[in-house]
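Peer 1: Residue numbers for the sequence shown follow our numbering, so the first one is 1 and each next one is one higher. Note that CB positions come from ideal geometry on N, CA and C, so glycine has one too. Dumping the structure here so I can ask a few things about it.
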Amino acid sequence: MTAPILRRLNDLRAEHGTWIRAGESVAVVPTMGALHAGHLSLVEAACAACDRVIVTIFVNPRQFNNAADLANYPRTEHEDAIKLAGLDVDVIYVPDGDQIYPDGYATNVSVSGVADVLDGEFRHGHFDGVATVVAKLFLQTGAQKAYFGQKDFQQLMVVKRMARDLDIPIEVIGCATVREASGLAMSSRNLRLSPEGLERAAKLYPVMQQVAARLVGGESFAPLADEARIKLQAAGFNDIEYFDLRCEEHLQLLDRPTRPARLLVAAWMDGIRLIDNIEVDELKA
Ligand code: PAF
């Protein structure tokens, strides 16, 4: 059955109030729509853990640092609702713009540290926009658990930090990246790649896997990164913004995975910015 679409905060609160009075647990899955199997896996995890599930769809203007990117972001509300119909979702919250940013809105949530590196360097203001909207969605939905994909690993770390720092009583849960059969991480942005672009973009994952395997074999990162950049350029990635090995907790640079570590990449293919990351097994001393 299709879940009701609510666009006003008062309606969401009314629904939420009846759940809480009945002692039911509530999960939220925040999205910007254009749902794919990665999002659906988050919804499934939420449905398995909580009595009630809210999926939010809001293309948040404050997290786009490029007007064309915002204008071109896919908006597929009808198809999204159909995809969610097969799952046990209770409400799809698609807030009108003024429900998030009413007239005179003046508050910004800004996380430092984990938000300053990687995408924080290349997409100025992006994580302020993410932290602000996610804080609002946490407070508006009153959920006890929230589900995010590890595909946006830095975002996950930023959101966890924000919720802890602001004492928002919610558990933030990261779920494994879902990949196409080709290995390409699922992303709403993949919709904008041509068939050839999709094929070339799929070269990213094996290159990352090879680097991760060689790190675990004891090699140091710098020469591996140089080799990987050359391979990615040959595959058609024309601008590799970062190809970094970083510790998971604080996202500090590493040369060897001596702590829980991730390999994180952002690179452009055919005018589309793609990001991906994988876990690297820790080297035991
Ligand atoms: O990952 C996303 O789709 C967005 O950044 C999020 C978390 C829904 C906030 O707008």
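Using a Cβ-based criterion (distance less than 8 Å to any ligand heavy atom), does Asn10 qualify as near the ligand PAF?
Peer 2: No - the ligand PAF has no heavy atom lying nearer than 8 Å to the Cβ of Asn10.
Peer 1: In three-state terms, what does DSSP make of Asn10?
Peer 2: Here Asn10 sits in helix by DSSP.
Peer 1: In this structure, how does DSSP classify Val172 when only helix, strand and coil are distinguished?
Peer 2: In this structure, Val172 counts as strand in the three-state DSSP scheme.
Peer 1: What I want to know is whether the C-beta of Phe237 ends up closer than 8 Å to one or more non-hydrogen atoms of the ligand PAF.
Peer 2: No, the Cβ of Phe237 stays beyond 8 Å of every heavy atom of the ligand PAF.
Peer 1: In angstroms, rounded to a whole number, what distance separates the CA positions of Asp226 and Val59?
Peer 2: Taking the straight line from one Cα to the other gives about 36 Å.
Peer 1: Are three or more beta carbon pairs between the region 73-90 and the region 49-57 nearer than 8 Å?
Peer 2: Yes, since at least three Cβ pairs between the region 73-90 and the region 49-57 fall closer than 8 Å, the two stretches touch.
Peer 1: Put Val130 into one of helix, strand or coil per three-state DSSP.
Peer 2: Note: Val130 maps to helix in three-state DSSP.
Peer 1: At a cut-off of 8 Å, would you count Asn277 as near the ligand PAF, judging by its Cβ distance to the nearest heavy atom?
Peer 2: Checking the Cβ of Asn277 against the ligand PAF gives no.
Peer 1: Taking a contact to mean a Cβ-Cβ separation below 9 Å, would you say Ala46 touches Ala27 in this structure?
Peer 2: Contact flag set, yes.
Peer 1: Taking the continuous beta strand (DSSP E) assigned at Val55, which residues delimit it?
Peer 2: Val55 -> beta strand (DSSP E) spans Arg52 to Ile57.
Peer 1: With hydrogens ignored, establish whether the beta-carbon of Met32 is closer than 8 Å to any heavy atom of the ligand PAF.
Peer 2: Yes, the beta carbon of Met32 sits closer than 8 Å to at least one heavy atom of the ligand PAF.
Peer 1: Any idea what DSSP makes of Asp286, helix, strand or coil?
Peer 2: Here the chain has residues from 1 to 285 only, and residue 286 is not among them.
Peer 1: Roughly how many angstroms separate the alpha carbons of Ile235 and Leu193, rounded to a whole number?
Peer 2: Checking the sequence, you will find Ala at residue 235 rather than Ile. Approximately 14 Å between the Cα atoms of the pair.
Peer 1: In three-state DSSP terms, what is Asn238?
Peer 2: Residue state, collapsed to three classes: coil.
Peer 1: Relative to the C-alpha of Ala212, which candidate in Arg246, Gly174, Asp167 and Glu171 has its C-alpha closest?
Peer 2: Closest option to Ala212, Cα to Cα, is Arg246.
Peer 1: Given a cut-off of 9 Å on the beta-carbon distance, is the pair Asp239 and Leu253 in contact?
Peer 2: Not a contact, by the Cβ cut-off of 9 Å.
Peer 1: Let me know the alpha helix (DSSP H) ranges lying completely inside the region 12-88, each 4 residues or longer, listed in chain order.
Peer 2: As far as the region 12-88 is concerned, its whole alpha helix (DSSP H) runs of at least 4 residues are 37-49, 67-72 and 77-85.
Peer 1: Starting from the Cα of Gln99, find the closest Cα among Glu24, Glu171 and Thr141 and give me that residue.
Peer 2: The option with the nearest alpha carbon to Gln99 is Thr141.
Peer 1: Around the C-beta of Asp103, are 16 or more other C-beta atoms found within 10 angstroms, so that it is buried, or is it exposed?
Peer 2: When all chains shown are included, Asp103 counts as exposed.
Peer 1: So what does DSSP say about Tyr147, is it helix, strand or coil?
Peer 2: It is a strand residue.
Peer 1: Are Gly113 and His250 touching if we call contact CB-CB under 9 Å?
Peer 2: Result yes, Cβ atoms of Gly113 and His250 sit closer than 9 Å.
Peer 1: Please determine whether the Cβ atom of Asp152 lies at a distance below 8 Å from any heavy atom of the ligand PAF.
Peer 2: Yes, the ligand PAF has a heavy atom inside 8 Å of this Cβ.
Peer 1: Would you check if the distance between the CB atom of Ile5 and the CB atom of Val94 is smaller than 9 Å?
Peer 2: The answer is yes: Cβ separation under 9 Å.
Peer 1: Taking three-plus beta-carbon pairs below 8 Å as touching, is the region 134-149 in contact with the region 27-41?
Peer 2: Counting Cβ pairs under 8 Å, three or more are found: they touch.
Peer 1: Mark Ser182 as exposed unless 16 or more other C-beta atoms lie within 10 angstroms of its C-beta, in which case mark it buried.
Peer 2: The residue in question, Ser182, is exposed, as its Cβ has fewer than 16 Cβ neighbours within 10 Å.
Peer 1: Whole angstroms are fine: how far does the CA of Pro223 sit from the CA of Gly174?
Peer 2: Straight-line Cα distance between these residues: approximately 31 Å.
Peer 1: For the ligand PAF, is there any heavy atom lying closer than 8 Å to the beta carbon of Gln99?
Peer 2: No; taking the cut-off as 8 Å, the Cβ of Gln99 has no heavy atom of the ligand PAF nearer than that.
Peer 1: From what residue to what residue does the alpha helix (DSSP H) around Val91 run?
Peer 2: Not the alpha helix (DSSP H): Val91 falls in the beta strand (DSSP E), residues Val91 to Tyr93.
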